[in-house]
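Protein chains in written order, with numbering that gives the first Met the number 0: chain A, 0 to 284; chain B, 0 to 329.
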Amino acid sequence: MELNDIVSSLRVLVENKRALIGSLVLLGFILMALFGPMIFPLDMNPKFNLVYAPPSLEHPLGCDYIGLDILTEIIWGARDVLTIVMIGGVITVVLGSIVGLVAGYFGGVVDLLLNTLVDIALTIPGLPLIIVLAGLIQTRDPISIGLILSANAWAALARSMRSQVLSIKERDFIEASKAIGIGRLSIVFYDVLPILMPFVGINFLFAVVQSLYASVALFFIGVLPFSTVHWGTMLNIAMQVSGAIFVPYARHYVIAPVIFIILLQVGLILFSYGVEDIFNPRLRT
Amino acid sequence: MKWIYRRAILALLSISFTVVLTFFLIRLMPGNPMDYYIQILMRSGRARTIEEAIARAKSLMPVNMNDPIWKQLLDYIEGVLHGDLGRSISSFTPVSEIIVKSLPWTVFISSIALTLSFTIGTIMGLVLAYKRGTRFEGFSVAALTVFGAIPNYIMALILFYVLTIVYPILPMRGGYDSLIPVGLTFEFIVSVMTHAILPVASYVLTDFAGWALGIRAMATTVLGEDYVTVAKARGLRESRIVTNYVGRNSILPQFTGLVLSIGFLFGGSPLVETIFTYPGIGRFFASAVSARDYPLLQGLFLVLSITVISANLIADILYTRIDPRVKVGD
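The structure is reproduced here in structure tokens:
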């Protein structure tokens with residue numbers, strides 16, 4: 000990418016309000032997840048004199064049900080939350096793209112088989128499937144969690160990817176590549192895929208949004224094994240374990256994770272809509 | 000109509016796939032499920048001797064765990080076909096009984112929620128398309144984007160927190176007030192309605208935005224069509240153009256979304272129902288997962304998938320009747 004390209008895409012990003020706000024929010028969260036844990040060490044020793052301590056200078060967001068600093072938990076939680084949704088998004092997009100590309104380009108029996116698989120995956124209800132899998136597999140490993148999150152999310156992308164490939168397949172330059180004897184797999188990955196990269200990128204963002212919805216739900220409902228500082232776990236503790244939600248002076252403990260979950264979700268959605276605007280100029284109004 | 004057969008075969012395939020999947024799910028569980036039940040029975044004191052525990056554990060399982068696996072699978076399928084889904088290990092009630100009891104509650108709240116969010120969203124979206132370019136539109140679109148971004152269970156948590164704890168205005172849990180006798184009395188109906196308000200609101204407040212933004216985008220496209228320009232040239236009133244010309248043409252794609260939402264009617268949300276302890280299928284689903292009640296989980300997931308798959312099939316067939324331009328099965 001030339002410097003000019005970078006400058007011009009940055010300019011589009013800044014001009015598009017949604018993309019700008021979204022990317023600033025996301026940047027904030029990424030910095031928080033990367034450097035926050037270095038600045039705010041996590042101290043897991045209960046401090047019973049600080050239970051549900053209200054926000055103060057020393058503890059800007061107050062303390063939780065065993066007296067731990069909520070801001071520190073949120074910051075460490077950001078790392079857990081972002082790692083899981085990123086992995087979930089990557090697995091969904093890689094699976095969906097490969098299935099869609101292969102089905103669309105190869106056609107015939109391969110297409111029929113993959114398409115049937117996609118249809119089956121699309122009809123099975125998503126969140127219940129994810130909850131059942133998470134309940135049975137009981138894993139702490141982020142990659143396994145990512146696989147569970149993409150259990151049937153890949154299918155929708157595979158479907159739209161396939162129809163994109165079908166339209167590209169007939170273009171002249173593909174014919175040219177075929178004519179000079181380039182292999183089918185090489186054509187798929189070197190000729191077809193690069194054209195679809197913006198499409199894959201946007202779908203990656205949508206997959207991340209979905210992963211966030213599902214992963215917070217899993218921790219909130221308490222299906223996945225305890226990850227102490229995930230925001231969903233904090234909500235689970237507030238609602239079902241410590242009963243903080245019913246304690247009038249523990250409000251800050253419920254409100255903090257709710258606000259950060261909404262902020263991240265809104266940031267992600269604004270950014271993905273913004274990026275979609277940029278790559279799909281026809282939608283610009 | 001060849002594609003209808005193809006579509007029906009596909010639905011059957013999906014259903015058989017979930018039957019086999021739910022059968023093997025229980026096997027994915029670490030350790031032997033039988034031993035697990037026996038342990039639970041002994042620990043909870045529901046069986047006094049180990050022999051009694053073994054006998055009871057056997058009766059809970061829909062299949063005999065000592066048979067070869069293919070025979071277990073056939074037995075399981077036979078049981079499913081007869082509506083025998085085994086018994087819940089936490090309450091000892093037949094799984095089918097729990098499903099029959101809980102499904103109506105879920106369909107009740109989710110159908111109200113779907114109707115409301117679809118109607119409100121469609122009207123709002125058309126209004127926004129009509130007011131395009133105004134500051135009101137810009138502000139509303141931003142607000143809708145934020146609302147649409149909030150997960151429904153977070154909205155449920157906020158509503159629960161604000162309206163049942165901080166300001167205790169609405170009932171906190173259950174589908175109706177247990178002090179009121181069940182029956183078609185005015186009191187009972189009011190109780191059922193007030194208990195439904197918060198779960199329904201959680202769905203509507205997060206879903207209507209998506210409908211509104213969808214129809215707004217569609218209506219904006221339709222506004223550029225030639226027949227709209229002609230209608231304007233004829234001097235028709237803008238409001239009439241928006242409802243008759245734009246509205247009708249942009250509402251069709253909305254039905255695709257509606258069709259896809261049918262599955263939601265039967266599944267509801269395990270989280271929203273759990274937050275309000277609503278007696279629907281979603282809550283039993285969530286509690287089956289946390290209690291590791293595998294027969295219940297298996298049965299609920301199977302029934303859920305079968306209803307969703309069949310509903311989608313019916314919806315697909317209906318949809319081609321509504322919009323003759325749709326060609327399914329390409």
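Even for Gly, the Cβ is constructed at its ideal location relative to N, Cα and C.
- Annotation: Cβ neighbours of Q264(A) in chain B (cutoff 7 Å, chain order): A148, I149 and P150.
- Proximity of V108(A) to chain B, defined by a Cβ-Cβ separation below 8 Å, is not satisfied.
- Of A157(A), L111(A), K46(A) and A249(A), the smallest CA-CA separation from I164(B) is found for A249(A).
- Within the same chain, I88 come within 7 Å of I39(B) by CB-CB distance, once the 5 residues on both sides are set aside.
- Under the Cβ distance rule, F245(A) counts among the residues neighbouring chain B, one pair being separated by less than 8 Å.
- Under the Cβ criterion of 8 Å, Y212(A) is counted among the residues facing chain B.
- Within the same chain, W230, M233 and L234 come within 6 Å of P256(A) by CB-CB distance, once the 5 residues on both sides are set aside.
- Of all residues in the segment 151–168 of chain B, those with a C-beta nearer than 7 Å to a C-beta of chain A are Y152, I153, L156, I157, Y160 and I164, reading in chain order.
- Within a 10 Å sphere around the beta-carbon of F259(A) sit 16 or more other beta-carbons, which makes this residue buried.
- Leaving aside the five residues that flank V24(A) on each side, the residues in its chain whose CB is nearer than 6 Å to its CB run, in chain order, G266.
- Here the C-alpha atom of E77(B) lies approximately 40 Å from the C-alpha atom of V208(A).
- For the set L30(A), P59(A), L67(A) and I29(A), the Cα lying nearest the Cα of P45(A) is the one of L67(A).
- Annotation for G182(B): no alpha helix (DSSP H) segment contains it, and DSSP assigns it neither H nor E.
- Classified as buried, W210(B) has 16 or more neighbouring CB atoms from the shown chains inside 10 Å of its CB.
- Residue contact check for V131(A) against chain B: a CB pair falls below 8 Å.
- Taking 4 residues as the shortest admissible run, the segment 109–147 of chain A contains the following complete alpha helix (DSSP H) segments, listed from N- to C-terminal end: 125–136.
- With respect to the 8 Å criterion, L204(A) and I20(A) are not classified as neighbours on the basis of their beta carbons.
- Under DSSP, R86(B) forms a beta bridge with P93(B).
- Under the 10 Å beta carbon count, Y189(A) is surrounded by fewer than 16 other beta carbons and is classified as exposed.
- Taking a C-beta cut-off of 8 Å against chain B, none of the residues of the segment 43–64 of chain A qualify.
- The segment 130–148 of chain B and the segment 298–314 of chain B do not touch, with fewer than 3 CB-CB distances between them shorter than 8 Å.
- Between the segment 173–187 of chain A and the segment 210–230 of chain A, the count of Cβ pairs shorter than 8 Å is below three; the stretches do not touch.
- Here the segment 281–292 of chain B makes no contact with the segment 106–114 of chain A; the two share fewer than three CB pairs at distances below 8 Å.
- A check of alpha carbon separations from R86(B) across Q71(B), L303(B), S116(B) and Y36(B) identifies Y36(B) as the nearest.
- Taking C-beta atoms as the reference points, G124(B) and G223(B) fail to come closer than 8 Å.
- Burial is judged here by how many other beta carbons sit within 10 angstroms of a residue's own beta carbon; A208(B) has at least 16 and is buried.
- With respect to chain A, the C-beta atom of F187(B) has no partner C-beta closer than 8 Å.
- For A200(B), the closest alpha carbon among the candidates P269(B), K70(B) and I108(B) is that of I108(B).
- Restricting attention to A195(B), S139(B) and V106(B), the CA atom closest to the CA of G120(B) is found in S139(B).
- Contact annotation, T91(A) with P141(A): C-beta distance approximately 14 Å; criterion of less than 8 Å not satisfied.
- Within the segment 263–288 of chain B, G266, S268, P269, L270, T273, I274, F284, A285 and V288 place their CB atoms closer than 8 Å to a CB of chain A, listed in sequence order.
- Not a single C-beta of chain B is nearer than 8 Å to the C-beta of L26(A).
- Interface with chain B (8 Å Cβ-Cβ cutoff): T122(A) is included.
- In the three-state DSSP reduction, D176(B) falls in the coil class, being neither helix nor strand.
- The criterion of a C-beta distance shorter than 8 Å is not satisfied by A237(A) and L270(B).
- CA-CA distance, T105(B) to G234(B), rounds to 48 Å.
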